[in-house]
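Engineer:
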Amino acid sequence: MKKRILIIGASGQIGTDLTSQLRATFGNHKVIATDIRDDDGTLGKDGPFEVLDAMDYEAIEDVVIRYEITDVYLLAAMLSATAEKFPMRAWNLNMNSLFNVLNLAKDKKIKKVFWPSSIAVFGPTTPNNTPQKTVMEPSTVYGISKQAGERWCEYYFNKYGVDVRSIRYPGLISYKTLPGGGTTDYAVDIYHKALKHGKYICFLSKETTLPMMYIDDAIRATLTIMESPKEAIKVRSSYNLAGISFNPEEIAESVRKQVPNFEMSYAPDFRQEIADSWPQSIDDSEAQKDWGWKNNTSLEDMTSIMIKNLKDK
Ligand code: SER
Numbered sequence: 003m004k005k006r007i008l009i010i011g012a013s014g015q016i017g018t019d020l021t022s023q024l025r026a027t028f029g030n031h032k033v034i035a036t037d038i039r040d041d042d043g044t045l046g047k048d049g050p051f052e053v054l055d056a057m058d059y060e061a062i063e064d065v066v067i068r069y070e071i072t073d074v075y076l077l078a079a080m081l082s083a084t085a086e087k088f089p090m091r092a093w094n095l096n097m098n099s100l101f102n103v104l105n106l107a108k109d110k111k112i113k114k115v116f117w118p119s120s121i122a123v124f125g126p127t128t129p130n131n132t133p134q135k136t137v138m139e140p141s142t143v144y145g146i147s148k149q150a151g152e153r154w155c156e157y158y159f160n161k162y163g164v165d166v167r168s169i170r171y172p173g174l175i176s177y178k179t180l181p182g183g184g185t186t187d188y189a190v191d192i193y194h195k196a197l198k199h200g201k202y203i204c205f206l207s208k209e210t211t212l213p214m215m216y217i218d219d220a221i222r223a224t225l226t227i228m229e230s231p232k233e234a235i236k237v238r239s240s241y242n243l244a245g246i247s248f249n250p251e252e253i254a255e256s257v258r259k260q261v262p263n264f265e266m267s268y269a270p271d272f273r274q275e276i277a278d279s280w281p282q283s284i285d286d287s288e289a290q291k292d293w294g295w296k297n298n299t300s301l302e303d304m305t306s307i308m309i310k311n312l313k314d315k
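Sequential numbering from 3 applies to the sequence shown in this note's numbering.
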């Protein structure tokens, strides 16, 4: 079968790394990168790039037909911290973009959909070492939109046979592109500031432990779930995915091994409440069992990779 991939929201933190990996795997011209913002020269360099609004059904359909797209990765979304400032805009973007893609799949215009969920679907009443099936009472706009999205994914699979696959990403750490508007963004920013200024003011308190993951693991998980046989994917809402859990003090300590005089101070803001509502650790045994998931990168390894690559930049 000839595979043609469309990535919506390709210029963001996940999209940048995912586009290169998908192009390396399936061929540059098979992967169409799109984003609401014009390309800065990164994604259009080795393959097709188009400006595309995830809210515009006709525009997405046009790209799907022109490029004979089979698989869509929908990454456009407003993340947790920004969504608290613009609740209705976040809801509209996060939900309508999903409906656009699910409906294309329902009408058999595409074959397969990837849509990311998040640890934000959990809330203050969720137990730690969070099982796949558990109490889910998210208290953020972003979390509510992701939880509703999960329900719709499962609904489209059950009612219309839509082959949609999803992962609940933890906070993701990468060096190629900055994240934007998330609560876990401090764990990326810390590396940039450590190298630039030797110090960082963290917007979460030092004991705020959250589930996190290095981007290479997250991208590998994404390709693995998408390329697994259909029957292997038993969860059609979204899979728990665990990487590494750490708090700001622990990541600061790992940075200090590479940048000895690094200083960290703390000034928690509104994002503290968001972080406090999320679990500290995730049980991903279903993903391990169903499609062979296993995290590779430790906190120490991730810090070495981040510092080395940001220095080279
Ligand atoms: N990293 C995201 C955020 O902080 C969670 O999915 O919003």
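The beta-carbon is built from N, C-alpha and C at its ideal position, and this holds for glycine as well. Note that the coordinates shown come from a computational prediction; the quantities given were computed from them, not determined experimentally.
#1: Any heavy atom of the ligand SER closer than 7 Å to the beta-carbon of Tyr241?
#2: Using 8 Å for Cβ pairs, my map puts Tyr216 next to Ile175. What's the rounded Cβ distance?
#3: Where do the N-terminal and C-terminal ends of the alpha helix (DSSP H) with Pro250 fall, by residue?
#4: Find out if the Cβ-Cβ distance for the pair Ser283, Ser240 is shorter than 8 Å.
#5: Between the alpha carbons of Leu2 and Lys4, how many angstroms are there, rounded?
#6: Which same chain residues, not among the five before or five after Thr226, have their C-beta less than 8 Å away from its C-beta?
#7: Taking 7 Å as the line, does the beta carbon of Ser13 fall inside it for any heavy atom of the ligand SER?
#8: Looking at Ile112 and Tyr71, is the spacing between their C-beta atoms short of 8 Å?
#9: For the 8 Å Cβ check, are there 3 or more pairs between the segment 9 to 27 and the segment 72 to 90?
#10: Just to check my reading of the structure: Lys108 and Val164 have Cβ atoms closer than 8 Å, yes? What is that Cβ distance to the nearest angstrom?
#11: What residues are listed by DSSP as bridge partners for Asn242?
#12: Going by C-alpha distance, which of Pro89, Pro118, Leu106 and Asp42 is nearest Ile221?
#13: Under a three-way DSSP split, which group does Ser176 fall into?
#14: Could you check if Gly173 belongs to the surroundings of the ligand SER, using beta carbon to heavy atom distance under 7 Å?
#15: Given this structure, state the Cα-to-Cα distance separating Ile34 from Asp42, to the nearest angstrom.
#16: Going by DSSP, what residues sit across from Val53 in a beta bridge?
#17: Roughly how many whole angstroms lie between the Cα atoms of Val65 and Ile9?
#18: By the 10 Å Cβ neighbour count, where 16 or more other Cβ atoms means buried, how is Asp271 classified, buried or exposed?
#19: Could you tell me whether the Cβ atoms of Leu312 and Tyr193 are closer together than 8 Å?
#20: If you reduce the DSSP assignment to three classes, tell me which class Met90 lands in.
#21: Could you tell me whether any non-hydrogen atom of the ligand SER is closer than 7 Å to the CB of Gly184?
#22: Ends of the alpha helix (DSSP H) at Gln60?
#23: Looking at C-alpha atoms only, which residue of Thr142, Thr36, Phe28 and Lys315 is the closest neighbour of Lys178?
#24: Just curious, the alpha helix (DSSP H) that Phe159 is in, first and last residue?
#25: Specify the secondary structure class of Thr21 as computed by DSSP and reduced to three states.
#26: For the ligand SER, is there any heavy atom lying closer than 7 Å to the beta carbon of Ser120?
#27: Once DSSP output is grouped into helix, strand and coil, what is the label at Leu106?
#28: How should Ala234 be labelled, buried or exposed, when 16 other C-beta atoms within 10 angstroms of its C-beta is the threshold for buried?
Structural biologist: With the structure as the only source:
#1: Residue 241 sits at position 239 when you count from the first residue of the sequence shown. It does not: the Cβ of Tyr241 is nowhere closer than 7 Å to a heavy atom of the ligand SER.
#2: Here the question's residue 216 lines up with position 214 in the sequence shown. Here the question's residue 175 lines up with position 173 in the sequence shown. Contact holds; Cβ gap of about 6 Å.
#3: Taking the first residue of the sequence shown as position 1, residue 250 is located at position 248. Run containing Pro250: Pro250 to Arg258, per the alpha helix (DSSP H) assignment.
#4: Along the sequence shown, one-based indexing puts residue 283 at 281. Along the sequence shown, one-based indexing puts residue 240 at 238. Cβ atoms of Ser283 and Ser240: not closer than 8 Å.
#5: Here the chain has residues from 3 to 315 only, and residue 2 is not among them.
#6: Position 224 of the sequence shown holds residue 226. These residues qualify, in order along the chain: Trp293, Gly294 and Trp295.
#7: As a working note, residue 13 is residue 11 in the sequence shown. No.
#8: The residue labelled residue 71 in the question sits at position 69 within the sequence shown. The residue labelled residue 112 in the question sits at position 110 within the sequence shown. Sequence inspection shows Ile at residue 71; the Tyr mentioned does not correspond to that position. Yes, the Cβ-Cβ distance between Ile71 and Ile112 is below 8 Å.
#9: yes
#10: Translated into the one-based positions of the sequence shown, residue 108 becomes position 106. Translated into the one-based positions of the sequence shown, residue 164 becomes position 162. Confirmed, Cβ separation roughly 6 Å.
#11: Working through the sequence shown from its first residue, we reach residue 242 at position 240. In the DSSP output, where bridge partners are listed per residue, Asn242 has Arg170.
#12: Along the sequence shown, read from residue 1 onward, the residue named residue 221 stands at position 219. For Ile221, the nearest C-alpha among the options comes from Pro118.
#13: By one-based count along the sequence shown, residue 176 stands at place 174. Here Ser176 sits in coil by DSSP.
#14: Translated into the one-based positions of the sequence shown, residue 173 becomes position 171. Indeed, a heavy atom of the ligand SER lies less than 7 Å from the Cβ.
#15: Counted from its first residue, the sequence shown places residue 34 at position 32. Counted from its first residue, the sequence shown places residue 42 at position 40. Answer to the nearest angstrom: the Cα atoms are 15 Å apart.
#16: Walking along the sequence shown from the start, residue 53 turns up at place 51. Asp37, per the DSSP bridge assignment.
#17: Counting from 1 along the sequence shown, the entry for residue 65 is found at position 63. Counting from 1 along the sequence shown, the entry for residue 9 is found at position 7. Cα to Cα, the separation comes out at about 11 Å.
#18: For this step, residue 271 is matched to residue 269 along the sequence shown. The residue is exposed, with fewer than 16 neighbouring Cβ atoms inside 10 Å.
#19: In the sequence shown, residue 312 corresponds to position 310, counting from 1. In the sequence shown, residue 193 corresponds to position 191, counting from 1. Yes; because the gap between Cβ atoms is below 8 Å, this pair is in contact.
#20: Here residue 90 refers to the residue found at position 88 when the sequence shown is read from its first residue. Helix at Met90.
#21: Counted from its first residue, the sequence shown places residue 184 at position 182. Yes, since a heavy atom of the ligand SER falls inside the 7 Å radius drawn around the Cβ of Gly184.
#22: Walking along the sequence shown from the start, residue 60 turns up at place 58. First, the residue type needs correcting, since residue 60 is Glu and not Gln in the sequence shown. Segment Tyr59 to Arg68, the alpha helix (DSSP H) holding Glu60.
#23: If you number the sequence shown from 1, residue 178 lands on position 176. The shortest Cα separation from Lys178 among Thr142, Thr36, Phe28 and Lys315 belongs to Lys315.
#24: The sequence position of residue 159 within the sequence shown is 157, counting from 1. From DSSP, the alpha helix (DSSP H) with Phe159 extends over Val143 to Tyr162.
#25: By one-based count along the sequence shown, residue 21 stands at place 19. Note: Thr21 maps to helix in three-state DSSP.
#26: If you number the sequence shown from 1, residue 120 lands on position 118. Result yes, Cβ under 7 Å from the ligand SER.
#27: In the sequence shown, the residue the question calls residue 106 occupies position 104. Three-state result, Leu106: helix.
#28: Mapped onto the sequence shown, residue 234 falls at position 232. Counting Cβ neighbours within 10 Å, Ala234 comes out exposed, since fewer than 16 surround it.
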